[in-house]
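Visitor: What follows is a structure written as structure tokens; I'll ask about it next.
Residue numbers (our numbering): 4 to 334.
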């Protein structure tokens with residue numbers, strides 16, 4: 004069997020006249036021509052039909068009874084075939100969220116595959132994203148301008164349904180006094196009743212700090228407490244700023260350099276809020292598991308929803324996952 008080409012010999016299905024053709028594998032191929040010239044006969048009725056037939060034949064007799072067996076096409080032989088997927092020509096949709104992956108129903112499997120066995124890489128440096136130490140987190144915060152006021156938060160609930168009354172009481176007994184629920188700050192004893200039918204975000208305020216010399220030990224202790232509480236994740240929200248300030252040495256071009264801080268993957272120079280990610284632009288995300296060792300680019304836990312254009316965590320910030328943008332025509 005050829006590993007580089009699909010070789011078709013003597014194809015006579017429908018109006019094909021015994022054609023011979025070699026098609027490269029691992030390439031995008033367009034079959035074009037006049038109506039009735041044999042495009043569908045070659046692509047669907049010959050190549051796809053034979054690939055599907057061979058795949059079904061390789062299954063057990065028990066599995067084959069649940070699948071429709073396609074007839075062998077009128078062709079002498081085909082080499083280099085793999086199991087094939089066919090999207091019917093009549094299957095059209097004007098919904099911008101309809102893609103090849105959703106039509107073929109492999110979208111959810113791809114998201115699960117990337118989330119569970121994929122290796123994340125930093126878009127800034129191309130290096131693998133690995134664990135981040137507490138000392139690196141402290142160093143990153145200490146590089147902020149002196150006097151910067153910040154909240155150190157433990158994201159204990161991220162997009163999950165529930166009332167969390169027992170958890171709030173437990174956090175209060177542990178000595179925490181403030182929580183942020185769905186973006187609003189509350190004294191923990193005044194936390195509102197949550198509707199269990201809706202998803203919520205809850206962050207426990209571990210510490211409130213102003214950046215200055217000599218707070219490294221306190222900051223490290225607070226980070227360790229937040230990471231333990233939120234299973235390796237911590238947020239730093241800047242109280243006085245709309246976005247994370249750039250450190251000295253940041254280029255004016257907006258390019259991401261090791262000296263350019265990010266907020267969950269958005270450059271410090273980028274304007275606007277992170278509409279797609281659902282995170283405020285003045286937030287720095289720290290993770291014990293996913294951080295670039297050079298640029299500091301940090302990710303939360305890799306989950307399938309990060310690869311979903313239907314979820315705010317994974318949707319494009321520019322188009323909200325639709326793939327289209329509506330603009331006003333100045334003319």
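We treat Cβ as the ideally placed atom computed from N, Cα and C, and that holds for glycine. In this text the structure is predicted, and so the values were computed from the model without any measurement.
Does DSSP classify residue 216 as helix, strand or coil?
Guide: Your numbering for residue 216 matches position 213 in the chain shown. Of the three classes helix, strand and coil, the one that applies to residue 216 here is coil, per DSSP.
Visitor: According to the neighbour-count rule (16 or more other Cβ atoms, all chains shown, within 10 Å of its Cβ), is residue 109 buried or exposed?
Guide: Looking up residue 109 in the chain shown gives position 106. Burial call: exposed.
Visitor: When you compare only the Cα positions, how much space is there between residue 276 and residue 67?
Guide: Numbered from its first residue, the chain shown carries residue 276 at position 273. Numbered from its first residue, the chain shown carries residue 67 at position 64. Bear in mind that a pLDDT of 31 at residue 276, under 50, signals an unreliable position, so the model cannot answer this.
Visitor: Compute the distance between the beta-carbons of residue 8 and residue 83, then report whether it is under 9 Å.
Guide: Here residue 8 refers to the residue found at position 5 when the chain shown is read from its first residue. Here residue 83 refers to the residue found at position 80 when the chain shown is read from its first residue. Yes, the Cβ-Cβ distance between residue 8 and residue 83 is below 9 Å.
Visitor: Let me know the secondary structure DSSP gives residue 286 once reduced to three states.
Guide: Residue mapping note: residue 286 aligns to position 283 of the chain shown, counting from 1. The answer is strand: DSSP assigns residue 286 an E or B state.
Visitor: Among all the DSSP beta bridges, which residues are the ones paired with residue 87?
Guide: Residue mapping note: residue 87 aligns to position 84 of the chain shown, counting from 1. DSSP lists no partner for residue 87.
Visitor: Between which two residues does the alpha helix (DSSP H) carrying residue 170 extend?
Guide: The count along the chain shown starts at 1 and reaches residue 170 at position 167. 168 to 176 is the span of the alpha helix (DSSP H), which, as asked, contains residue 170.
Visitor: In three-state DSSP terms, what is residue 327?
Guide: One-based indexing of the chain shown puts residue 327 at position 324. Residue 327: coil per DSSP, three-state reduction.
Visitor: Just grab the DSSP bridge partners of residue 124 for me.
Guide: Position 121 of the chain shown, counted from the start, is the residue given in the question as residue 124. Paired residue(s): 131.
Visitor: Compute the distance between the beta-carbons of residue 126 and residue 289, then report whether it is under 9 Å.
Guide: Taking the first residue of the chain shown as 1, we reach residue 126 at position 123. Taking the first residue of the chain shown as 1, we reach residue 289 at position 286. Contact flag unset, no.
Visitor: Alpha carbon to alpha carbon, how far is residue 123 from residue 2? Give it in angstroms, no decimals.
Guide: In the structure as shown, the chain begins at 4 and stops at 334. Residue 2 is therefore absent and cannot be evaluated.
Visitor: What is the DSSP secondary structure of residue 34, counted as helix, strand or coil?
Guide: Locating residue 34 in the chain shown gives position 31, counting from the first residue. Coil, per DSSP.
Visitor: Given a threshold of 16 other Cβ atoms within 10 Å of its Cβ, counted over all protein chains shown, does residue 228 qualify as buried or as exposed?
Guide: In the chain shown, counting from the first residue as 1, residue 228 sits at position 225. That one is buried.
Visitor: Counting C-beta neighbours from all protein chains within 10 Å, is the total for residue 192 16 or more, i.e. buried, or is it exposed?
Guide: For the purposes of this step, residue 192 is taken as residue 189 along the chain shown, with counting starting at 1. The residue is exposed, with fewer than 16 neighbouring Cβ atoms inside 10 Å.
Visitor: Would you identify the three-state DSSP class for residue 256, choosing helix, strand or coil?
Guide: Position 253 of the chain shown, counted from the start, is the residue given in the question as residue 256. Its pLDDT being 30, under 50, residue 256 is placed unreliably by the model, and nothing is read from it.
Visitor: Helix, strand or coil, according to DSSP, for residue 78 in the structure here?
Guide: For the purposes of this step, residue 78 is identified with residue 75 of the chain shown, where counting begins at 1. Of the three classes helix, strand and coil, the one that applies to residue 78 here is coil, per DSSP.
Visitor: Can you have a look at residue 102 and say buried or exposed, based on whether 16 or more other CB atoms are within 10 angstroms of its CB?
Guide: The count along the chain shown starts at 1 and reaches residue 102 at position 99. The residue in question, residue 102, is exposed, as its Cβ has fewer than 16 Cβ neighbours within 10 Å.
Visitor: Looking only at C-alpha atoms, which of 31, 200 and 298 sits nearest to residue 132?
Guide: Counted from its first residue, the chain shown places residue 132 at position 129. Taking only the C-alpha atoms, the option nearest residue 132 is 298.
Visitor: So, is residue 285 buried or exposed, given that buried needs 16 or more other C-beta atoms within 10 angstroms?
Guide: The sequence position of residue 285 within the chain shown is 282, counting from 1. Buried.
Visitor: Considering residue 142, what are the terminal residues of the alpha helix (DSSP H) in which it resides?
Guide: Here residue 142 is taken as the residue at index 139 of the chain shown, counted from 1. Note, residue 142: alpha helix (DSSP H), 137 to 145.
Visitor: Skipping 5 residues on each side, what residues in its chain have a beta carbon closer than 7 Å to that of residue 157?
Guide: By one-based count along the chain shown, residue 157 stands at place 154. Around residue 157: 206, 207, 209, 229, 232, 233 and 237.
Visitor: Quick check: what's the CA-CA separation for residue 118 versus residue 306?
Guide: Position 115 of the chain shown, counted from the first residue, corresponds to residue 118. Position 303 of the chain shown, counted from the first residue, corresponds to residue 306. Each residue's Cα considered, the two are about 5 Å apart.
Visitor: Quick one: is the Cβ of residue 57 within less than 8 Å of any heavy atom of the ligand ADP?
Guide: Absent from the structure shown: the ligand ADP. Ligands present: none.
Visitor: Can you grab the Cα-Cα spacing for the pair residue 16 / residue 78, in whole Å?
Guide: Stepping through the chain shown from its first residue, residue 16 is reached at position 13. Stepping through the chain shown from its first residue, residue 78 is reached at position 75. One C-alpha to the other measures close to 7 Å.
Visitor: Looking only at its own chain, which residues have a Cβ that is under 8 Å from the Cβ of residue 215, when we skip the five neighbours before and after it?
Guide: Numbered from its first residue, the chain shown carries residue 215 at position 212. Result list for residue 215: 149 and 150, in chain order.
Visitor: Excluding sequence positions up to five away, which residues of its chain have a Cβ less than 7 Å from the Cβ of residue 47?
Guide: The residue you call residue 47 lines up with position 44 of the chain shown. Only 89 meet the Cβ criterion.
Visitor: Using the rule of at least 16 other Cβ atoms within 10 Å of the residue's Cβ for burial, across every protein chain shown, is residue 334 buried or exposed?
Guide: The sequence position of residue 334 within the chain shown is 331, counting from 1. With fewer than 16 Cβ atoms within 10 Å of its Cβ, residue 334 is classed as exposed.
Visitor: If you drop the 5 nearest sequence neighbours on each side, which residues of the same chain put their C-beta closer than 7 Å to that of residue 327?
Guide: If you number the chain shown from 1, residue 327 lands on position 324. Cβ within range, chain order: 99.
Visitor: Would you kindly check if the distance between the Cβ of residue 291 and the Cβ of residue 105 is under 9 Å?
Guide: As a working note, residue 105 is residue 102 in the chain shown. As a working note, residue 291 is residue 288 in the chain shown. Not closer than 9 Å, so no.
Visitor: Nearest-angstrom Cα distance between residue 18 and residue 59?
Guide: Within the chain shown, residue 18 is the residue found at index 15, counting from 1. Within the chain shown, residue 59 is the residue found at index 56, counting from 1. Cα to Cα, residue 18 sits roughly 26 Å from residue 59.
Visitor: How many angstroms separate the CA atom of residue 45 from the CA atom of residue 35?
Guide: In the chain shown, the residue the question calls residue 45 occupies position 42. In the chain shown, the residue the question calls residue 35 occupies position 32. Distance between the alpha carbons of residue 45 and residue 35 is about 11 Å.
Visitor: In this structure, does DSSP put residue 185 in helix, strand or coil?
Guide: Stepping through the chain shown from its first residue, residue 185 is reached at position 182. DSSP places residue 185 in coil when its eight states are reduced to three.
Visitor: Identify whether residue 112 lies in helix, strand or coil by the three-state DSSP scheme.
Guide: Here residue 112 corresponds to residue number 109 of the chain shown, with the count starting at 1. Residue 112 falls in the helix class under three-state DSSP.
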